[in-house]
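Here the protein sequences line up with chains U and L, keeping their order.
Numbers -11 to 138, taken from my numbering, label the letters of the first sequence in order.
Numbers -11 to 138, taken from my numbering, label the letters of the second sequence in order.
No residue lacks a Cβ here, since even glycine has one placed at the ideal position from N, Cα and C.
2 protein chains.
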Amino acid sequence: MRIGELARQSGCGVETLRYYEREGLLPAPARSAANYRQYGERHAERLAFIRHCRALDMTLEEIRTLLAYHDHPERPCHEVNGLIDAHLAHVAARIRQLQALETALVTLRARCNGEAEAEACGILRELSRPLGEDELPDPGEGAHLPGAHG
Amino acid sequence: MRIGELARQSGCGVETLRYYEREGLLPAPARSAANYRQYGERHAERLAFIRHCRALDMTLEEIRTLLAYHDHPERPCHEVNGLIDAHLAHVAARIRQLQALETALVTLRARCNGEAEAEACGILRELSRPLGEDELPDPGEGAHLPGAHG
DNA sequence: CTTGACCCTGTAGTGGCTACAGGGTGTGTA
DNA sequence: TACACACCCTGTAGCCACTACAGGGTCAAG
Chain U
-11 MRIGELARQS GCGVETLRYY EREGLLPAPA RSAANYRQYG ERHAERLAFI RHCRALDMTL
49 EEIRTLLAYH DHPERPCHEV NGLIDAHLAH VAARIRQLQA LETALVTLRA RCNGEAEAEA
109 CGILRELSRP LGEDELPDPG EGAHLPGAHG
Chain L
-11 MRIGELARQS GCGVETLRYY EREGLLPAPA RSAANYRQYG ERHAERLAFI RHCRALDMTL
49 EEIRTLLAYH DHPERPCHEV NGLIDAHLAH VAARIRQLQA LETALVTLRA RCNGEAEAEA
109 CGILRELSRP LGEDELPDPG EGAHLPGAHG
């Protein structure tokens, strides 16, 4: 299987596969006479594992850790559970933070009906007010989880 | 006021202020004889606006748009409302996506008690399973809002 | 013998900072 | 005077997980 087919099968881009190889998540496959990468079932399975983890929003570093257990089936899986717990805590913290954000934005939005001039716009006025200490959640709480933009 | 004081007052780093200046969010201030930046109240107020927006997880691009209205008080504020609505929709979409993620992670976590070997670990087994079409949310839905990591 | 789909390597860009390196300024103390 | 130390300057590189080229090679069909 060439890289394009694997990309289609897995739903990710060709360049992403080469990136995973550079990052050491996917082993470098054999090459054809024309220097094309030749992938087998093992690669496809490993990639499925990686994509499953990515769909759960794990970092490549977390995935590297999980792959190490995947590659050493005799090891105790204690750390795997810890990693999922930690990741879950990150996600939960991020949800709480975004909910606080949502509340703040709804309140903000209610301050104007969109028919004023900028001068009188309640939204712009509110945004001009400096924030108090703990008025909006500390991103530190959900450290390593991103904001509202992806 | 020098840059360090403004940084302390606003709670952001000195390098962030220079970054905002490069990005055109903060105007370049006057300089002292020693070439130090000299900020006034206008800068502090503008920075408060920016930090308020950032606390609401807006992008610098969104903030640039809002600042344009801040700077042109005679313009109708219709677009301001639209921008907040759009941002709010992004945040709401991201929350839904993270909640789906949380559910999936809780289910995953329940598959192992952490006392197995990696070979038998239900978590690793589940992660090895390729994902179906719509099994986890399409990040496209919450476009421009980030994943679980910051 | 040309078209077009595919493949290769290598490099740069994304956002919003953060962290240097390598230098200058200004105040307080020995 | 000499030095330490905190602060400031510019410019560049790094973070993450890709994404998007530029500039070239390969191969089957028409």
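From residue i to residue j, what does the alpha carbon distance come to, in whole angstroms?
{"i": "U/A(-5)", "j": "U/E3", "result": "9 Å"}
{"i": "U/A56", "j": "L/L89", "result": "23 Å"}
{"i": "L/P17", "j": "U/I38", "result": "49 Å"}
{"i": "U/L96", "j": "L/L71", "result": "12 Å"}
{"i": "U/E123", "j": "U/V94", "result": "15 Å"}
{"i": "L/T53", "j": "L/L5", "result": "19 Å"}
{"i": "U/V79", "j": "U/I51", "result": "16 Å"}
{"i": "U/Q85", "j": "L/L86", "result": "11 Å"}
Go ahead and pull the three-state DSSP assignment for residue i.
{"i": "L/I19", "result": "Sequence inspection shows Arg at residue 19 of chain L; the Ile mentioned does not correspond to that position. L/R19: strand per DSSP, three-state reduction."}
{"i": "L/E29", "result": "helix"}
{"i": "L/E105", "result": "strand"}
{"i": "U/L54", "result": "helix"}
State buried or exposed for residue i, treating a residue as buried only when at least 16 other CB atoms are found within 10 Å of its CB.
{"i": "U/A136", "result": "buried"}
{"i": "L/R82", "result": "buried"}
{"i": "U/E11", "result": "exposed"}
{"i": "L/A77", "result": "exposed"}
{"i": "U/N23", "result": "exposed"}
{"i": "U/D45", "result": "buried"}
{"i": "L/A108", "result": "exposed"}
{"i": "L/R34", "result": "buried"}
{"i": "L/Q26", "result": "exposed"}
{"i": "U/A74", "result": "exposed"}
{"i": "U/A92", "result": "buried"}
{"i": "U/A104", "result": "buried"}
{"i": "L/A21", "result": "exposed"}
Checklist entry - What residues in the stretch 65 to 76 of chain U bring their beta carbon closer than 8 Å to a beta carbon of chain L? => result C65, H66, V68, N69, G70, I72, D73, H75, L76
Item to check | Where the stretch 4 to 29 of chain L meets chain U: residues whose CB sits under 8 Å from a CB there | outcome: none
Checklist entry - Counting Cβ pairs, one atom from each stretch, are 3 or more of them under 8 Å apart for the stretch 112 to 122 of chain L and the stretch 96 to 103 of chain L? => result yes
Checklist entry - Relative to chain U, which residues along the stretch 36 to 61 of chain L have a C-beta separation below 7 Å, given in chain order? => result A36, F37, R39, H40, C41, A43, L44, D45, T47, L54, Y57, H58, H60, P61
Checklist entry - Would you say the stretch 52 to 67 of chain U touches the stretch 59 to 71 of chain L, given that touching needs at least three Cβ pairs under 8 Å? => result no
Next on the checklist: Which residues of the stretch 101 to 114 of chain U have a Cβ closer than 7 Å to any Cβ of chain L? Give them in chain order.
Outcome noted: G102, A104, E105, A106, E107, C109, I111, L112
Item to check | Short-range partners of chain L found in the stretch 81 to 100 of chain U, where Cβ spacing is below 8 Å | outcome: R82, I83, L86, Q87, L89, E90, A92, L93, V94, L96, R97, C100
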